[in-house]
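Q:
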Amino acid sequence: MALPDVSRLARLSPASLRALGARLSAFAVSPEAIAAARAPSEAPFDPLYEPLRRRSLRARPDPTALALRAFVFRDPITEVEARLVLGETDLITAVDAGLLDRVPEGFVSPWLLGALPGGRLAFSDWLSHGGEAVMGVGGTTRLFLPAVAPPQRIARALDLGCGAGSLALVLAGHAAQVVATDVSPRAVALARLNVALNGLDNVTVREGDLFDPVRGERFDRVVAQPPFVSRPAGFGVVTYQHGGVRGDELAVRIHAEVGPHLTDHGRALTLALLPVTDEPLVDRLARVLGEGFSLLLFEGADADLDAHSAAYAALDHPDLGAAFAEAAVARRDHLARLGVTSTRLALSVVGRGAFTASVSAPALTDVTLSAQQLERRFLAHTLVAGPDAALEAADLAIPVGTTFASPPHGTDAPYAVMAQPPREALAKPLGLAAASRDLLESVDRSSVARSVRDLAERHGAPAAMVAPRVLAAVRQLLSAGLLEPR
Ligand SMILES: C[S@@+](CC[C@H](N)C(=O)[O-])C[C@H]1O[C@@H](n2cnc3c(N)ncnc32)[C@H](O)[C@@H]1O
Numbered sequence: 039m040a041l042p043d044v045s046r047l048a049r050l051s052p053a054s055l056r057a058l059g060a061r062l063s064a065f066a067v068s069p070e071a072i073a074a075a076r077a078p079s080e081a082p083f084d085p086l087y088e089p090l091r092r093r094s095l096r097a098r099p100d101p102t103a104l105a106l107r108a109f110v111f112r113d114p115i116t117e118v119e120a121r122l123v124l125g126e127t128d129l130i131t132a133v134d135a136g137l138l139d140r141v142p143e144g145f146v147s148p149w150l151l152g153a154l155p156g157g158r159l160a161f162s163d164w165l166s167h168g169g170e171a172v173m174g175v176g177g178t179t180r181l182f183l184p185a186v187a188p189p190q191r192i193a194r195a196l197d198l199g200c201g202a203g204s205l206a207l208v209l210a211g212h213a214a215q216v217v218a219t220d221v222s223p224r225a226v227a228l229a230r231l232n233v234a235l236n237g238l239d240n241v242t243v244r245e246g247d248l249f250d251p252v253r254g255e256r257f258d259r260v261v262a263q264p265p266f267v268s269r270p271a272g273f274g275v276v277t278y279q280h281g282g283v284r285g286d287e288l289a290v291r292i293h294a295e296v297g298p299h300l301t302d303h304g305r306a307l308t309l310a311l312l313p314v315t316d317e318p319l320v321d322r323l324a325r326v327l328g329e330g331f332s333l334l335l336f337e338g339a340d341a342d343l344d345a346h347s348a349a350y351a352a353l354d355h356p357d358l359g360a361a362f363a364e365a366a367v368a369r370r371d372h373l374a375r376l377g378v379t380s381t382r383l384a385l386s387v388v389g390r391g392a393f394t395a396s397v398s399a400p401a402l403t404d405v406t407l408s409a410q411q412l413e414r415r416f417l418a419h420t421l422v423a424g425p426d427a428a429l430e431a432a433d434l435a436i437p438v439g440t441t442f443a444s445p446p447h448g449t450d451a452p453y454a455v456m457a458q459p460p461r462e463a464l465a466k467p468l469g470l471a472a473a474s475r476d477l478l479e480s481v482d483r484s485s486v487a488r489s490v491r492d493l494a495e496r497h498g499a500p501a502a503m504v505a506p507r508v509l510a511a512v513r514q515l516l517s518a519g520l521l522e523p524r
């Protein structure tokens, strides 16, 4: 099946696109409504559940269900139903623009509609088209979204490799100006359409390779979910999917080039599934970062290569026939040849500074990421790597929701208490000696400087003698995520 013609969509005027977007939002075509209809499978099109999704949506007469059928689940609706969903947008115009196709069973969209937080919507392609298909609100996009919005309102944001524009559409609510770029002309066209669909006037979309379209420009926030899948020899290029032969080439290039595009307090967030080899991921990225930049890398759990190869082969060949089998094996062989042992989802935060740190975060895929939390961890590592004076002056706290458990009775545990930060903190449990726990609480209650003075008094020692040990312990607690800037 050929990709639908994106240029025809331009036949819909900005006013009618905006009206359509508002109408679909009013019908509550939302992330929650789509997730509920999609359950129990994450994939937008999953042959296993398709008949049952249709069954339950067809049993619902409400306009949300009709919109979901026509625009999300490829289930045709009747002419009367289509007119109800479209409202002011004339059905003949919608068909002429290719927004809906007339099929024997009625009307259905060749586009896939995705919903974003804040009532925003994005049309994209079905990824099974491969080639130049444009990615919309995919599973990794949804995971990334809560981290993308900055903790405070900012002036300028960049969505690098924007696809259908999902991240840019969300950033538009948090930045005065958003630039979205993509190397694919089709992605640029769809992102522009989606900007109009959401009636936004602070997002511009530019075409070009990585940072080429923003040469000399600086941003308070850069976000990227680059293509990260490896491309075996003989596989045609799938622009949204292939990050290079090994898969991490684009992610590495982003780290090499992003520095000069950040403002003084700017941050670049990159989320990608990276191939694990014998070189630590953090070294691979830190090696290319320019002088004067810090990198904090949250590394998720390792994913099995058989599952990875099968999943991407199934995306390209959903009928699971002979071509699927061949592609799955070719992908797996390719990774083995490259010395890749697993894949690992990694979220990197880059900003000005001088540290490199990696955080093991097996819960990365299971938590709702928080931009505030990521920022606190970045600032924590900045303090760890910074001068003693800054650390002594810092106002630090134990992450809200941290619990402490004594070892079970009768066990000979090498710790006095097990500290467990909340899942959202992306920090592992840590066994603490009694003195470390006391210090933790003292710093949380008062300050680092005060804790030094108190300890010095208690031991009758000069503060200058106590300080190095306290500061070393505070640095350890900050690195472990048990202390963070308040
Ligand atoms: C995995 S998709 C992510 C889309 C979107 N940002 C999201 O999070 O849903 C990666 C996007 O990067 C784009 N891309 C690939 N190579 C690129 C390059 N060299 N420069 C800019 N964009 C590129 C692809 O066209 C695709 O739209």
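If you read the sequence shown in our numbering, its first letter stands for residue 39, the second for the next number, and so on.
In this text, a Cβ means the ideal position worked out from N, Cα and C, and glycines have one as well.
Owing to the predicted nature of the structure, the values given are computational and were not obtained by experimental measurement.
Ligand 1 heavy atoms versus the CB of ALA225: any closer than 7 Å?
A: Residue mapping note: residue 225 aligns to position 187 of the sequence shown, counting from 1. It does: the Cβ of ALA225 is within 7 Å (strictly closer) of some heavy atom of ligand 1.
Q: Hey, would you say the C-beta of ASP286 is under 7 Å away from at least one heavy atom of ligand 1?
A: As a working note, residue 286 is residue 248 in the sequence shown. Because no heavy atom of ligand 1 lies under 7 Å away, the Cβ of ASP286 does not count as near it: no.
Q: For the segment 350-365 against the segment 398-410, do three or more pairs of beta-carbon atoms, one drawn from each stretch, fall closer than 8 Å, so that the two count as touching?
A: no
Q: Who are ASP286's beta bridge partners in DSSP?
A: For this step, residue 286 is matched to residue 248 along the sequence shown. Per DSSP, none; premise fails for ASP286.
Q: Taking the beta carbon of THR449 as the centre, do at least 16 other beta carbons fall within 10 Å, making it buried, or is it exposed?
A: Start at 1 with the first residue of the sequence shown, and residue 449 comes out as number 411. By the neighbour-count rule (16 or more Cβ atoms within 10 Å), THR449 is not buried but exposed.
Q: Within the same chain, show all residues whose beta-carbon is closer than 7 Å to that of SER489, passing over the 5 residues directly before and after it, in chain order.
A: As a position in the sequence shown, residue 489 is number 451, starting the count at 1. Answer for SER489: LEU477, SER480, VAL481 and VAL508, listed in chain order.
Q: Is it right to say PRO264 is buried, meaning 16 or more other beta carbons lie within 10 angstroms of its own, or is it exposed?
A: Your numbering for residue 264 matches position 226 in the sequence shown. The residue in question, PRO264, is buried, as its Cβ has 16 or more Cβ neighbours within 10 Å.
Q: Quick one: what's got a C-beta closer than 6 Å to ARG107's C-beta in the same chain, skipping five residues either side?
A: If you number the sequence shown from 1, residue 107 lands on position 69. Answer for ARG107: LEU95, ASP113 and ILE115, listed in chain order.
Q: Measuring straight from C-alpha to C-alpha, what distance separates ALA349 and LEU493?
A: Working through the sequence shown from its first residue, we reach residue 349 at position 311. Working through the sequence shown from its first residue, we reach residue 493 at position 455. Near 56 Å, if we compare the C-alpha coordinates of LEU493 and ALA349.
Q: Find out if the Cβ-Cβ distance for the pair SER380, LEU323 is shorter than 8 Å.
A: As a working note, residue 380 is residue 342 in the sequence shown. As a working note, residue 323 is residue 285 in the sequence shown. Going by C-beta atoms, SER380 is not nearer than 8 Å to LEU323.
Q: Mind checking GLN279: buried by the 16 CB within 10 Å criterion, or exposed?
A: Counted from its first residue, the sequence shown places residue 279 at position 241. That one is buried.
Q: Which residue marks the beginning of the alpha helix (DSSP H) containing GLY177, and which one marks its end?
A: The residue given as residue 177 occupies position 139 in the sequence shown. Counting along the chain, the alpha helix (DSSP H) containing GLY177 begins and ends at 177-186.
Q: Have a look at SER444, ALA457, SER474 and GLU430 and flag the residue whose alpha-carbon is nearest the alpha-carbon of ALA505.
A: Numbered from 1 along the sequence shown, position 467 holds the residue referred to as residue 505. Taking only the C-alpha atoms, the option nearest ALA505 is GLU430.
Q: Do you know offhand how far PRO52's Cα is from VAL276's?
A: Counting from 1 along the sequence shown, the entry for residue 52 is found at position 14. Counting from 1 along the sequence shown, the entry for residue 276 is found at position 238. So the alpha carbons of these two residues sit roughly 30 Å apart.
Q: Is the distance from the Cβ of ASN240 to the Cβ of VAL260 below 8 Å?
A: Mapped onto the sequence shown, residue 240 falls at position 202. Mapped onto the sequence shown, residue 260 falls at position 222. Not a contact, by the Cβ cut-off of 8 Å.
Q: Tell me where the alpha helix (DSSP H) around SER517 begins and ends.
A: Here residue 517 corresponds to residue number 479 of the sequence shown, with the count starting at 1. It spans 501-517 - the alpha helix (DSSP H) in which SER517 sits, taken as one unbroken run.
Q: Taking DSSP as the reference, what is the three-state secondary structure of ALA108?
A: As a working note, residue 108 is residue 70 in the sequence shown. Helix, per DSSP.
Q: I'd like the list of long-range same chain contacts for ARG56, defined as Cβ closer than 6 Å, with 5 residues on each side in sequence excluded.
A: Taking the sequence shown and counting its residues from 1, the one referred to as residue 56 is at position 18. Cβ neighbours of ARG56 beyond the five flanking positions: GLY237.
Q: My output table needs one value for LEU309: the three-state DSSP class, helix, strand or coil.
A: Taking the first residue of the sequence shown as position 1, residue 309 is located at position 271. Note: LEU309 maps to strand in three-state DSSP.
Q: Over what stretch of residues does the beta strand (DSSP E) that includes PHE416 continue unbroken?
A: Numbered from 1 along the sequence shown, position 378 holds the residue referred to as residue 416. Segment 409-423 is the alpha helix (DSSP H) holding PHE416; no beta strand (DSSP E) there.
Q: With hydrogens ignored, establish whether the beta-carbon of VAL326 is closer than 7 Å to any heavy atom of ligand 1.
A: One-based indexing of the sequence shown puts residue 326 at position 288. Every heavy atom of ligand 1 is 7 Å or more from the Cβ of VAL326, so no.
Q: Using a Cβ-based criterion (distance less than 7 Å to any ligand heavy atom), does GLY201 qualify as near ligand 1?
A: Translated into the one-based positions of the sequence shown, residue 201 becomes position 163. Yes; taking the cut-off as 7 Å, the Cβ of GLY201 has a heavy atom of ligand 1 nearer than that.
Q: Do LEU520 and THR440 have their C-beta atoms within less than 8 Å of each other?
A: Here residue 520 refers to the residue found at position 482 of the sequence shown. Here residue 440 refers to the residue found at position 402 of the sequence shown. For LEU520 and THR440, yes; Cβs fall inside 8 Å.
Q: Would you call PRO148 buried or exposed, if buried means 16 or more other Cβ atoms sit within 10 Å of its Cβ?
A: Here residue 148 refers to the residue found at position 110 of the sequence shown. Looking at its Cβ environment, which holds 16 or more other Cβ atoms inside 10 Å, PRO148 is buried.
Q: Look at the alpha carbon of LEU181 and the alpha carbon of PRO155, and state the distance between them as a whole number of angstroms.
A: By one-based count along the sequence shown, residue 181 stands at place 143. By one-based count along the sequence shown, residue 155 stands at place 117. Those two C-alpha atoms are separated by around 12 Å.
Q: Does PHE65 have its Cβ less than 8 Å from a Cβ in chain C?
A: Judged by its chain identifiers, the structure shown contains no chain C, having just a single protein chain.
Q: According to the neighbour-count rule (16 or more other Cβ atoms, all chains shown, within 10 Å of its Cβ), is ARG415 buried or exposed?
A: Translated into the one-based positions of the sequence shown, residue 415 becomes position 377. Flag for ARG415 reads buried.
Q: In whole angstroms, what separates the C-alpha of ALA463 from that of GLN411?
A: Within the sequence shown, the letter at position 425 stands for residue 463. Within the sequence shown, the letter at position 373 stands for residue 411. Computed Cα separation, rounded: 6 Å.
Q: Using only CA atoms, which one of ASP426, ARG224 and GLU245 lies nearest to PRO42?
A: One-based indexing of the sequence shown puts residue 42 at position 4. Comparing Cα-Cα distances from PRO42 to each of ASP426, ARG224 and GLU245, the minimum goes to ARG224.
Q: Just to confirm, is the Cβ distance from VAL387 to ARG305 under 8 Å?
A: If you number the sequence shown from 1, residue 387 lands on position 349. If you number the sequence shown from 1, residue 305 lands on position 267. The answer is yes: Cβ separation under 8 Å.
Q: For VAL172, which of helix, strand or coil comes out of DSSP?
A: The residue given as residue 172 occupies position 134 in the sequence shown. Note: VAL172 maps to coil in three-state DSSP.
Q: Would you list the residues sitting across from THR381 in a DSSP beta bridge?
A: On the sequence shown, residue 381 is found 343 positions in, with the first residue counted as 1. According to DSSP, THR381 bridges with PRO313 and ALA341.
Q: Out of ALA428, ALA432, GLY177 and ARG284, which has the shortest C-alpha to C-alpha gap to ALA370?
A: Your numbering for residue 370 matches position 332 in the sequence shown. Before going on, a small fix: residue 370 reads as Arg here, not Ala. Of ALA428, ALA432, GLY177 and ARG284, the residue nearest in Cα terms is ARG284.
Q: Assess contact between the segment 246-255 and the segment 176-190, defined as three or more Cβ pairs (one per stretch) separated by less than 8 Å. Is contact present?
A: Output reads no: the segment 176-190 does not touch the segment 246-255.
Q: How should ALA227 be labelled, buried or exposed, when 16 other C-beta atoms within 10 angstroms of its C-beta is the threshold for buried?
A: Sequence index remark: in the sequence shown, residue 227 carries index 189 (1-based). It is buried - the Cβ of ALA227 has at least 16 other Cβ atoms within 10 Å.
Q: Starting from GLN458, follow its DSSP beta bridges and name the residues at the other end.
A: Stepping through the sequence shown from its first residue, residue 458 is reached at position 420. In the DSSP output, where bridge partners are listed per residue, GLN458 has THR441.
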